[in-house]
């Protein structure tokens with residue numbers, strides 16, 4: 002029971018931004034304390050019972066219920082809740098932002114002097130800024146948009162290059178992991194041997210394996226070209242996209258030596274056409 | 032250029048004008064003091080979504096091939112008829128602006144800051160492209176409907192055809208986005224990432240505004256301050272990837288984001304109004320019918336919100352029903368009217384039907 006409680010507490014802390022880094026943990030705990038204080042303040046100062054119930058009592062009850070091990074034990078048993086991976090969503094039922102904003106306004110109302118009231122308003126906003134994290138902070142998950150699709154331009158350019166014409170059959174194209182996420186958001190007619198779920202869940206798939214499981218030689222990851230092309234031909238990939246060699250990742254050999262034709266280089270990626278796979282597809286079609 | 036302009040016009044028509052016109056058809060249910068442009072739009076939008084759910088789920092379950100075309104045709108006919116009726120019922124008096132001069136300068140400044148913050152978030156939703164792995168499922172599904180005419184029957188990983196994945200299929204918000212995309216000839220990914228924000232970001236803040244209106248009905252000058260707080264909390268709410276603020280501003284178009292930022296706050300708003308009405312209902316003269324006129328609109332609205340929750344996420348129906356049930360008990364305690372139980376039951380009927388379909392289709396329990 003205690004173990005589950007600790008697990009729930011960690012989830013609660015993570016929800017508020019505490020991911021183990023001391024500064025983040027401090028901010029998360031501060032935000033959690035402020036939030037609970039706001040709810041308690043509403044309970045104490047609000048005379049209207051429904052408002053007190055919705056924005057004071059309910060949030061506190063929900064936080065306690067979230068930490069209560071039995072709640073988690075029940076949640077985990079309910080099918081469709083991903084074995085408890087979505088437990089944090091219970092916290093969505095707490096009107097956290099209303100509670101904070103409402104309590105802040107109630108406090109401001111208690112201040113008679115206008116200048117003090119304004120100064121308190123600004124200080125409260127600064128506390129929110131300090132305990133929070135700016136959503137538009139550039140990083141791995143937040144980048145400047147390159148186009149209205151909000152997907153990398155390289156993906157669009159490559160898709161335009163390999164996409165079938167209106168009357169043509171759909172093509173299967175092997176993309177490296179970093180592009181896989183976006184391809185089917187641009188063109189539904191491009192098929193792939195593996196997709197996002199394979200990456201997230203770590204499914205075994207030969208093409209993905211060949212891209213991913215590189216051999217380390219002197220700190221450089223070598224992608225086994227033979228293994229990759231064997232897998233792409235097995236999946237009848239008409240095109241194979243590979244990233245250009247870098248100091249940390251290289252192809253074991255030029256794909257042209259394996260019978261592929263270079264169509265173009267788009268950004269940091271080479272796009273190859275595989276006549277062997279195309280021929281295989283034609284033969285399979287002829288043979289029914 | 033002309034084609035782009037025509038697409039933008041159609042986007043505005045299908046995302047903003049049609050729901051408003053549908054709201055015009057049905058806003059007679061709203062009490063006079065609550066009948067505004069905003070509430071008319073919200074009511075219309077909820078009905079617009081509900082109709083989509085009613086039409087799209089049977090189409091998806093019944094047809095495999097060309098399911099999306101069937102769905103779209105029926106939806107266009109039904110919504111166009113309603114929009115036409117709504118156009119005839121257009122009420123321009125709703126658009127009369129209340130005198131701003133009544134407000135203190137300081138309050139006006141706060142309103143200005145609030146509006147600027149909302150506009151800032153809309154602009155930033157174009158400037159930045161947040162990466163989210165779930166898009167390769169949700170957005171790809173919208174695109175598959177638009178480009179290949181299948182409804183949730185294309186494997187978003189590989190692109191091959193699969194059986195209906197009932198675990199996700201009933202959350203048809205992705206199909207609604209595909210409908211908007213197809214009807215305006217705009218790529219579904221552009222609609223998801225660069226168009227629906229114009230609808231959803233202001234809508235989320237409008238719901239908070241409505242909540243604030245109830246909370247501060249005696250202290251209206253607090254309302255813009257409340258809204259500034261909510262805005263700043265949202266903008267700085269990306270403390271983890273699981274907060275409603277993070278969902279709201281980094282994946283605005285996904286059902287889960289709409290669930291925690293529109294559905295749940297809306298349930299709070301509706302119950303706030305119900306609590307607010309308790310004394311009014313007691314004072315109503317003329318018996319059950321008159322009382323029903325006052326109470327029914329909010330239960331209808333709750334039913335529509337419940338339907339929207341299922342459109343956003345399967346999980347949504349469980350949570351929205353739970354919230355509604357719990358707050359109904361508080362309402363029962365406060366109002367001492369057993370009829371609230373009837374109202375609540377009627378409002379969760381859509382959830383029960385949805386749940387029944389989910390189980391029948393093998394969703395499991």
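Residue numbers (our numbering), protein chains in the order written: chain A, 2 to 289; chain U, 32 to 396. Heads up, the beta-carbon is just placed ideally off N, CA and C, and yes, glycines get one too. These numbers come from a predicted model, not from an experiment.
Exercise for the section: Mind reading off the beta-carbon distance from residue 181/A to residue 197/A? Whole number of angstroms is fine, and I expect it under 8 angstroms. Expected result: 6 angstroms
Handout entry: Stretch pair the segment 201-216 of chain U + the segment 273-287 of chain U: three plus CB contacts closer than 8 angstroms
Key = yes
Handout entry: Which listed residue (106/A, 157/A, 102/A) has its alpha carbon closest to that of residue 147/A
Key = 157/A
Handout entry: Complete beta strand (DSSP E) runs within the segment 110-174 of chain U (minimum length 3 residues, chain order)
Key = 159-161
Problem - At least 3 beta-carbon pairs within less than 8 angstroms: the segment 329-347 of chain U vs the segment 369-382 of chain U - result: yes
Practice task
Determine whether the Cβ of residue 342/U lies closer than 8 angstroms to any Cβ atom of chain A.
Solution key: no
Exercise for the section: Provide the residue(s) that pair with residue 250/A in DSSP beta bridges, ordered along the chain. Expected result: 222/A
Practice task
Would you check whether the ligand ZN has a heavy atom nearer than 7 angstroms to the C-beta of residue 305/U?
Solution key: As far as ligands go, the structure on display features none, and thus does not contain the ligand ZN.
Exercise for the section: Below 7 angstroms between beta carbons is the criterion; list the residues of the segment 96-108 of chain A that meet it against any residue of chain U, in chain order. Expected result: 96, 98, 99, 101, 102, 103, 105, 106
Exercise for the section: Could you spell out where the beta strand (DSSP E) holding residue 143/A opens and where it closes? Expected result: 143-145
Practice task
Inspect the CB distances between the segment 42-59 of chain A and the segment 299-313 of chain U and report whether three or more fall short of 8 angstroms.
Solution key: yes
Exercise for the section: Give the range of the beta strand (DSSP E) segment to which residue 265/A is assigned. Expected result: 262-267
Handout entry: Chain-order list of residues whose beta-carbon lies under 8 angstroms from that of residue 221/A (same chain, five-residue window excluded)
Key = 248, 249, 250, 251
Handout entry: Residue from 116/A, 228/A, 64/A, 70/A with nearest C-alpha to residue 41/A
Key = 64/A
Problem - Residue range of the alpha helix (DSSP H) that includes residue 40/A - result: 23-46
Handout entry: One or two residues paired with residue 164/A in a DSSP bridge
Key = The partner list for residue 164/A (beta bridge, DSSP) is empty, contrary to what the question assumes.
Exercise for the section: Tell me, please, whether the segment 263-271 of chain A touches the segment 202-218 of chain A by the rule of three or more beta-carbon pairs shorter than 8 angstroms. Expected result: no
Practice task
In the DSSP assignment, find the beta strand (DSSP E) that holds residue 241/A and state where it starts and stops.
Solution key: 240-244
Exercise for the section: Mind listing the chain U neighbours of residue 55/A? Cutoff is C-beta to C-beta under 9 angstroms, in chain order. Expected result: 299, 302, 303, 306, 358, 361
Handout entry: Interface positions of the segment 30-53 of chain A facing chain U (Cβ-Cβ less than 9 angstroms), listed along the chain
Key = 32, 49, 50, 51, 52
Problem - alpha helix (DSSP H) runs contained entirely in the segment 268-321 of chain U, provided each spans 4 or more residues - result: 275-281, 286-289, 295-314
Practice task
Note down the Cα distance separating residue 24/A from residue 244/A, rounded to an integer number of angstroms.
Solution key: 38 angstroms
Handout entry: As assigned by DSSP and simplified to three states, the class of residue 78/A
Key = helix
Problem - Nearest candidate by alpha-carbon position, reference residue 62/U, set 312/U, 384/U, 374/U, 338/U - result: 312/U
Problem - 3 or more residues per run - each beta strand (DSSP E) lying fully within the segment 48-121 of chain U - result: none
Handout entry: Nearest residue (CA-CA) to residue 4/A, options 61/A, 71/A, 58/A
Key = 71/A
Problem - Test: residue 164/U CB closer than 8 angstroms to a CB of chain A - result: yes
Exercise for the section: Check each candidate in 117/A, 149/A, 223/A and name the one with the smallest Cα separation from residue 158/U. Expected result: 149/A
Practice task
Give the range of the alpha helix (DSSP H) segment to which residue 203/U is assigned.
Solution key: Counting along the chain, residue 203/U falls outside any alpha helix (DSSP H), and DSSP gives it neither H nor E.
Handout entry: Boundaries of the beta strand (DSSP E) in which residue 173/A is found, first to last residue
Key = 172-175
Exercise for the section: Pull up the distance between the alpha-carbon of residue 174/U and that of residue 33/A, whole angstroms please. Expected result: 40 angstroms
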